[in-house]
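Accompanying notes for the structure given below.
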Amino acid sequence: METKTKKEGGKFALNEYDIIIIGGGVAGMSAAIEAKRNGINNIIILEREDDLGGILNQCIHADYSMEGYEVKLTGPEYAQILIDKVEELNIEYKLNTMVLEIKDDRSIVAVNDKEGIINIKTKAIILATGCSEMPKGDMNILYNGCAGIYTVGAVQKFVNIEGVLPGKEVVILGSGDIGLIIARRMILEGANVKLIVEYMDQPRGLKKNVIDCIEAFDIPLKLNSTVIDIYGKDRIEGVTIGQVDNEGEIIEGTEEYVKCDTLLLSVDLVPEIELLTNLETDIHTENCLTPENRYSEMEAKGIFVCGNALYIHEEINSIYEESKAVGKKAVSYVEEKFGNNM
Ligand SMILES: Cc1cc2nc3c(=O)[nH]c(=O)nc-3n(C[C@H](O)[C@H](O)[C@H](O)COP(=O)(O)OP(=O)(O)OC[C@H]3O[C@@H](n4cnc5c(N)ncnc54)[C@H](O)[C@@H]3O)c2cc1C
């Protein structure tokens, strides 16, 4: 099917695609590649950043395995293999293009700096928008808005992509994998990671990351503990930490002041599904027991979800495999629904 483009009032371009993929991370690219291999030519990936690859672009440690490769790959190397396939298959993509809305008729409103607002029609949508870090407001620690408090994902981007070290004396709240990996990176870049504070009675990250990051770099870890107070006027100057009991209450007398200029929050990751919230469907229903069946109602309307937008994955290769299956599902939907009109 050929791509149609027409000008509406000289301002909006209207295009039509068989499948639109929102998000060009590992999930979006894998789904697109599989859709193309299964016979649908008229597809496009829309990506808000200026590169395909998604979060992988900031994961620069060599920790990713891929079938056919004997050595571990860095995130950008893993991403590049998929980008090369996207190019090889001539899959169309638009960068710097932010999708703002999915309408009930499946049309999409996006924006970029060259074309302005773009309206695109499509037969099926694959949402591969990844996840977000739960914002600071949810941490329930009072503070006056001073600088020096970041989420670990934001700091991974500062350090690994922008080449900026946001602080020297670091406390990390939470011991999830991204926090452990960034703790090691900050030490390698010259910072002093003074402490990792974890609310639970054991580290949350994978054993491998505990050994490679905490133990190998001798980073002090305080379990059953949390940050109680944050001090500093313009910039953070220190935190008080304390131990928690079984009920999550602070144990009196365990409070301890730790001087620091940076507090990193290794917070929860949540699927980025903002674009689905105005559609007529009950995606948050309690009855949706598994992520796979959560969107069955939407799939019947031609909207598919994959990668971390579906649920938070621990393993990148499962995103790759599952997203390929979603790409195939979208192709079947388009073929069954629209048959020869493709
Ligand atoms: C912060 C973070 C750090 C991680 N670090 C590591 C690590 O160090 N080591 C490790 O092994 N694993 C790490 N992971 C895990 C793993 O790399 C990811 O789970 C995986 O790459 C996610 O793939 P994805 O395609 O689902 O999402 P993403 O890679 O996040 O891709 C989603 C894409 O969608 C785009 N997008 C979102 N909304 C829109 C929109 N409205 N319009 C257009 N585009 C949009 C985004 O720009 C992004 O490119 C990390 C995950 C996160 C969230």
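Numbering follows full-length UniProt numbering, with no gaps: position 199 of the sequence shown is 199. Virtual Cβ for every residue (Gly too), placed ideally from N, Cα, C.
- In the DSSP assignment, residue 75 falls within the unbroken alpha helix (DSSP H) covering 75-88.
- For residue 327, the CB contacts under 6 Å within the same chain, skipping 5 residues up- and downstream, are 31, 34 and 35 in chain order.
- With fewer than 16 other CB atoms across the displayed protein chains lying within 10 angstroms of its CB, residue 69 is exposed.
- DSSP places residue 298 in the uninterrupted alpha helix (DSSP H) bounded by 296-299.
- Looking at 146, 175, 144 and 192, the one whose alpha-carbon comes closest to that of residue 165 is 192.
- Excluding its 5 nearest sequence neighbours in each direction, residue 38 has C-beta neighbours in its own chain below 8 Å: 327, 328 and 331, listed in chain order.
- In this model, residue 153 and residue 61 are separated by some 14 Å (Cα to Cα).
- The beta carbon of residue 71 sits no closer than 7 Å to any heavy atom of ligand 1.
- With fewer than 16 other beta carbons inside 10 angstroms of its own, residue 200 counts as exposed.
- Note: residue 110 is bridge-paired with 99 and 118 in the DSSP secondary-structure output.
- Unbroken alpha helix (DSSP H) runs of no fewer than 4 residues, entirely contained in the region 151-216, are found at 152-157 and 177-188, following chain order.
- Here the alpha carbons of residue 177 and residue 89 stand approximately 34 Å from one another.
- Taken atom to atom, the span from the alpha-carbon of residue 81 to that of residue 93 is near 16 Å.
- Residue environment analysis places residue 235 among the exposed positions, since fewer than 16 neighbouring C-beta atoms fall within 10 angstroms of its C-beta.
- A direct Cα-Cα distance of roughly 12 Å separates residue 22 from residue 276.
- Rounded to whole angstroms, the separation of the alpha carbons of residue 119 and residue 149 is 38 Å.
- Annotated three-state conformation of residue 249 is coil, per DSSP.
- The region 305-320 and the region 99-108 do not touch, with fewer than three beta-carbon pairs separated by less than 8 Å.
- Boundaries of the beta strand (DSSP E) harbouring residue 225: 225-231, taken from the DSSP string.
- Distance from the CA atom of residue 146 to the CA atom of residue 245, rounded to whole angstroms, is 29 Å.
- In this structure residue 205 is in contact with residue 175, their Cβ atoms being roughly 6 Å apart against a cut-off of 8 Å.
- Relative to the Cα of residue 248, the nearest Cα in the group 85, 212, 300 and 223 belongs to 223.
- For residue 226, the CB stays at least 7 Å from every heavy atom of ligand 1.
- At least one heavy atom of ligand 1 is found less than 7 Å from the C-beta of residue 97.
- Proximity of the beta carbon of residue 308 to ligand 1 is indicated: a heavy atom of the ligand is located closer than 7 Å.
- Here residue 42 is buried. Its C-beta has 16 or more other C-beta atoms within 10 Å.
- DSSP lists 238 as the beta-bridge partner residues of residue 259.
- If you look at residue 270, you'll find it in the beta strand (DSSP E) that goes 269-271.
- Between ligand 1 and the CB of residue 63, the shortest heavy atom gap is smaller than 7 Å.
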